[in-house]
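Participant: One structure, as structure tokens, below. Some questions next.
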Amino acid sequence: MINSEYIPKCHITNSNGLFPKKNGKVQPTSILLSSSVLKPTNAVNKSSQQKFETLHITHQDNITTITMNRPQRKNAFSLQMFNELELALDDAAADNSVFTVLTGAGDYFTSGNDLNNALQNPSEIKEEKFDLRRFVRKFIDFPKPLVAVVNGPAIGIGATILGLMDLVYASDKASFNTPFIKLGLCPEACSSYTFPKIMGFTKATEVLLFNKILTAQEACDLGLVTEVFPGSTFQQDVRARLKDYASLPKNSLAFSKQLIRGLEKEKLYAVCDAECDLLAKMVTSEEAMNAIIQFFQKKARL
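Residue numbers for the sequence shown follow UniProt numbering, so the first one is 1 and each next one is one higher.
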């Protein structure tokens, strides 16, 4: 879930040393998300009626649209945005809309995990009550059709979560990038299961293990994307399509989705657990630490 596309250069160095050391060694939790965020925790204890700061929510034409709204950060996932998206999905599941749309503000769908998350210590992360397992389960359990409107690059968890969507519409300006292995990490958001099922094993291997970056058309040809639209008319074309779909019977759509998706829920839970267990081990490994440091150093030279 690390964002390999957008890393603020101001985080590369500072006079006090960005990466704290002990006995001459860089401390794992100062570089990567603590393994504590990968363990089950209690639900986020915040009002679902709060004013969202990282999301923009609209309700129109029987459609709830959740827009990731950090365009200045290319919609990178801060811990706050992870938590707010959980709450927004809970609200959308309970409202009167026919289905829910997830999209991004500006030129990016999302650039993945904000590296500021990786620079927090475990106590700060725990205070945010972020739990990757719980976050992914919100998508697995969502009762209505869930539609991704991918307006630009989708990186890291922004790409892997698409395997849990019911429809994925993409602009021809979109691309799909899963840079986990080059950072010493592993796939997440059930992509180790959904991507091979959608694309086939060899194509999924190329994407997840060897960081093949897909164009929108390539992603469509592989089945990850439902349809590609011209960037110049993307929003209008998709809105017209979705407005038409929103006139369909709500209960019939929801029940039919459960027929299609319901039998796989236990499998997806197990996959998510396995991914999080492995990621918890890998984030503190020397291999991952070295990969992250090298990546920061490379970015600093640009």
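All C-beta atoms, glycine included, are put in the ideal place defined by N, C-alpha and C.
If you follow the beta strand (DSSP E) that E218 is in, where does it begin and where does it stop?
Facilitator: For the purposes of this step, residue 218 is identified with residue 218 of the sequence shown, where counting begins at 1. Premise fails: E218 lies in the alpha helix (DSSP H), 216-222, not in any beta strand (DSSP E).
Participant: Mind checking which residues open and close the alpha helix (DSSP H) that includes E206?
Facilitator: Against the sequence shown, residue 206 aligns to sequence position 206. Per DSSP, E206 belongs to the alpha helix (DSSP H) from 201-208.
Participant: Quick one: what's got a C-beta closer than 6 Å to C220's C-beta in the same chain, skipping five residues either side?
Facilitator: Here residue 220 is taken as the residue at index 220 of the sequence shown, counted from 1. So the list reads V228, once near-sequence residues are dropped.
Participant: In three-state terms, what does DSSP make of I181?
Facilitator: Residue numbering aside, residue 181 sits at position 181 when the sequence shown is read from its first letter. The answer is helix: DSSP assigns I181 an H, G or I state.
Participant: Should R54 be labelled buried (16 or more other beta-carbon atoms within 10 Å of its own) or exposed?
Facilitator: Here the question's residue 54 lines up with position 54 in the sequence shown. Note that residue 54 is Thr in the sequence shown, not Arg. With 16 or more other Cβ atoms within 10 Å, it is buried.
Participant: From R134 to I157, what does the alpha carbon distance come to, in whole angstroms?
Facilitator: Residue numbering aside, residue 134 sits at position 134 when the sequence shown is read from its first letter. Residue numbering aside, residue 157 sits at position 157 when the sequence shown is read from its first letter. When rounded, the distance between both Cα atoms is 14 Å.
Participant: Evaluate the contact criterion for the stretch 64-73 versus the stretch 180-199: three or more CB pairs, one atom per stretch, below 8 Å.
Facilitator: No, the stretch 64-73 is not in contact with the stretch 180-199.
Participant: What's the gap between the Cα of T233 and the Cα of M289?
Facilitator: Counting from one through the sequence shown, the residue named residue 233 turns up at place 233. Counting from one through the sequence shown, the residue named residue 289 turns up at place 289. Roughly 43 Å separates the two Cα atoms.
Participant: Would DSSP call S171 helix, strand or coil?
Facilitator: By one-based count along the sequence shown, residue 171 stands at place 171. Strand, per DSSP.
Participant: Just verifying my parser: in three-state terms, what is the DSSP assignment at F77?
Facilitator: Residue numbering aside, residue 77 sits at position 77 when the sequence shown is read from its first letter. Three-state result, F77: strand.
Participant: Just checking my contact of C186 with G163 at CB under 8 Å: how many whole Å lie between their CB atoms?
Facilitator: Taking the sequence shown and counting its residues from 1, one reaches residue 186 at position 186. Taking the sequence shown and counting its residues from 1, one reaches residue 163 at position 163. That pair is no contact at about 15 Å.
Participant: Measuring straight from C-alpha to C-alpha, what distance separates L209 and V225?
Facilitator: Reading the sequence shown from its first residue, position 209 is the one you call residue 209. Reading the sequence shown from its first residue, position 225 is the one you call residue 225. Roughly 20 Å between the two C-alpha positions.
Participant: What are the start and end residues of the beta strand (DSSP E) that includes S149?
Facilitator: Here the question's residue 149 lines up with position 149 in the sequence shown. Here residue 149 is Val; the residue named in the question, Ser, does not match the sequence. First-last of the beta strand (DSSP E) with V149: 146-150.
Participant: Are the Cβ atoms of N75 and H56 separated by less than 7 Å?
Facilitator: Position 75 of the sequence shown, counted from the start, is the residue given in the question as residue 75. Position 56 of the sequence shown, counted from the start, is the residue given in the question as residue 56. Going by C-beta atoms, N75 is not nearer than 7 Å to H56.
Participant: Measure how close the beta-carbons of T202 and S175 come, nearest whole angstrom, since I'm counting them as under 8 Å.
Facilitator: Within the sequence shown, numbered from 1, the residue matching residue 202 stands at position 202. Within the sequence shown, numbered from 1, the residue matching residue 175 stands at position 175. T202 to S175, Cβ: 20 Å. No contact.
Participant: Would F255 be called buried (16 or more neighbouring beta carbons within 10 Å of its own) or exposed?
Facilitator: Within the sequence shown, the letter at position 255 stands for residue 255. Burial call: exposed.
Participant: DSSP three-state call for M68: helix, strand or coil?
Facilitator: What you label residue 68 is simply residue 68 of the sequence shown in a count that begins at 1. M68: strand per DSSP, three-state reduction.
Participant: Determine the burial state of S171: buried for a count of at least 16 other Cβ atoms within 10 Å of its Cβ, exposed for fewer.
Facilitator: The residue given as residue 171 occupies position 171 in the sequence shown. Buried is the call here.
Participant: Can you look up I213 in the DSSP assignment and give me helix, strand or coil?
Facilitator: For the purposes of this step, residue 213 is identified with residue 213 of the sequence shown, where counting begins at 1. The answer is coil: DSSP assigns I213 none of H, G, I, E or B.
Participant: What's the gap between the Cα of I181 and the Cα of Q297?
Facilitator: Translated into the one-based positions of the sequence shown, residue 181 becomes position 181. Translated into the one-based positions of the sequence shown, residue 297 becomes position 297. Cα to Cα, the separation comes out at about 18 Å.
Participant: From the DSSP output, read off the bridge partner residues of V101.
Facilitator: Taking the sequence shown and counting its residues from 1, the one referred to as residue 101 is at position 101. V101 pairs with T65, V147.
Participant: Using the three-state DSSP reduction, which class does N113 fall into: helix, strand or coil?
Facilitator: For the purposes of this step, residue 113 is taken as residue 113 along the sequence shown, with counting starting at 1. Three-state result, N113: strand.
Participant: Look at the Cβ atom of L146, then the Cβ atom of T103, and state whether they are nearer than 7 Å.
Facilitator: Position 146 of the sequence shown, counted from the start, is the residue given in the question as residue 146. Position 103 of the sequence shown, counted from the start, is the residue given in the question as residue 103. No, the Cβ-Cβ distance between L146 and T103 is not below 7 Å.
Participant: With A240 and D61 assumed to form a contact (beta carbons below 8 Å), what rounded beta-carbon distance in angstroms separates them?
Facilitator: To locate residue 240, count along the sequence shown from 1; it is residue 240. To locate residue 61, count along the sequence shown from 1; it is residue 61. Actually they do not touch by this definition, with Cβ atoms about 10 Å apart.
Participant: Excluding the 5 residues preceding and the 5 following D148 in the sequence, name in chain order all residues of the same chain whose CB lies nearer than 6 Å to its CB.
Facilitator: Residue numbering aside, residue 148 sits at position 148 when the sequence shown is read from its first letter. For clarity, residue 148 is Ala in the given sequence; the question names Asp instead. Answer for A148: L102, L162, M165, V168, listed in chain order.
Participant: Taking DSSP as the reference, what is the three-state secondary structure of E286?
Facilitator: By 1-based counting over the sequence shown, the position of residue 286 is 286. Helix, per DSSP.
Participant: Among the candidates P71, L278, D90, S252, whose CA atom is the shortest distance from the CA of P153?
Facilitator: On the sequence shown, position 153 is the one that residue 153 refers to. With distances taken between Cα atoms, P153 lies closest to P71.
Participant: Under a three-way DSSP split, which group does T54 fall into?
Facilitator: Within the sequence shown, residue 54 is the residue found at index 54, counting from 1. DSSP places T54 in coil when its eight states are reduced to three.
Participant: Since A254 sits in a beta bridge, which residues does DSSP pair it with?
Facilitator: Sequence index remark: in the sequence shown, residue 254 carries index 254 (1-based). The partner list for A254 (beta bridge, DSSP) is empty, contrary to what the question assumes.
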